[in-house]
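Okay, structure first, notes after.
Residue numbers (the working numbering): 5 to 389.
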């Protein structure tokens, strides 16, 4: 096992690094300090799947709910998977259809929610929710802000006052596409750093002493799991768990069979216990061809797991190769295999990467730091600072 007695025991870290926290009940939700001006935020998320943007929306909404200077109202897609966890956090979301071209009701209902709640800021997520947000009318003074986690077509955003990119590269893209620089802002994501106990290797027929790679994401060509499986074939006695689902599953299974490594690859499907997977892994690998941010890199840092990533735009911005992770060229299975073998054989390097990765997380990507940046920005554009 990597980073063992000579370095870091990956399976013991989850307990020693446990953080306080948990769901907040209605009875302990924060109250506004007397005389303190609240910022009123209406959020709208039309996505219904387990994507990175949707997951961060949920984390941010719950974080706002726990602030003493925020009042929040949330709109979500009807029958989405996000309503239940929002309610568990004390948030009562309003569900709208957020349908296609034939949906004539959502914009009207969106407007009524704005009129009733009277927000300082309307924060919309991605194309669909943004397109359903009506423009200001009458005496309304809200600022419409859209958050972007990718390189989206700006035709959906012409009625916005400000745009947020979760990487500097996305902000640069917005400006290069003609969006005014003074209305484009970089605000990073934070991740859930709550540790979980490791997953049983025995339950997934994986040897206790074998080096274990973990990768997470949709089984799509963008994620380049084919490159990772090809690299695995060049490493001896290394096992791989891939957590995710998607259209490439059969192709990836066939590739593993063709390369003779199907006995060392486990396809886990969608998982809600990423922290437990990081706690079990010896190395986290992000081989993506397209990865605008790479939340998974930050998650791995927060969970004390060493990271190897292909140099897509997001990981390339986050990782100082050789310091807090290892970067390899995209689509280069040979280089990826070499990096895996290096960390397998160098526990001291593993330990150094883990320590520097966690320091990078603490410096820029904690919930406290990111939420404070969001609120300072919202208060500024709402004229409260």
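Glycine residues also receive a C-beta, built at the ideal position from the N, C-alpha and C atoms.
Setting aside the 5 residues that flank it on each side, residue 365 is surrounded in the same chain by 302, 305, 306, each with a C-beta closer than 7 Å to its C-beta; the list follows chain order.
If you ignore the 5 residues before and after residue 111, its C-beta comes within less than 7 Å of the C-beta of 136, 138, all in its own chain and listed in chain order. At the C-beta level, residue 247 and residue 275 come within 8 Å of one another. Residue 128 has 48, 150 as its beta-bridge partners, per DSSP.
Rounded to the nearest angstrom, the Cβ distance from residue 285 to residue 218 is 4 Å, consistent with a contact under 8 Å.
DSSP, read as helix, strand or coil, puts residue 69 in helix. Going by beta carbons, residue 291 and residue 228 fall inside the 8 Å limit. Under the DSSP assignment, residue 194 falls outside any beta strand (DSSP E); it carries neither an H nor an E label. Scanning 170, 106, 103 for the CA closest to the CA of residue 378 turns up 170. Taking each of 129, 81, 188 in turn and checking the Cα distance to residue 109, the smallest one comes out for 81. Residues of the same chain with a CB within less than 7 Å of the CB of residue 256, apart from the 5 flanking positions on each side, are 223, 229, 230, 233 in chain order. Apart from sequence neighbours up to five positions away, the residues of its chain that approach residue 344 with a beta-carbon distance below 6 Å are 239, ordered along the chain. Taking the CA atoms as reference points, residue 106 sits about 21 Å from residue 162. Taking C-beta atoms as the reference points, residue 45 and residue 123 count as a pair closer than 8 Å. The residue from 155, 57, 205 with its alpha-carbon nearest to that of residue 47 is 57. Around the beta carbon of residue 208, a 10 Å sphere encloses fewer than 16 other beta carbons of the protein chains shown; the residue is thus reported as exposed. With a cutoff of 8 Å on beta-carbon distance, residue 167 and residue 150 are scored as near each other. If you compare the alpha carbons of 190, 155, 153, 59 with that of residue 382, the shortest gap goes to 190. DSSP places residue 325 within a strand segment (E or B) once states are collapsed to three. A contact is defined here as three or more CB-CB pairs under 8 Å, and the segment 321–340 meets this definition with respect to the segment 351–366. The C-alpha of residue 352 lies about 40 Å from the C-alpha of residue 89. Around the beta-carbon of residue 87, 16 or more other beta-carbon atoms lie within 10 Å, marking it buried.
Taking 8 Å as the cut-off, the beta carbon of residue 172 is found closer than this to the beta carbon of residue 321.
Collapsing the DSSP output to three states places residue 271 in a strand. Secondary structure of residue 361 (DSSP, three-state): helix.
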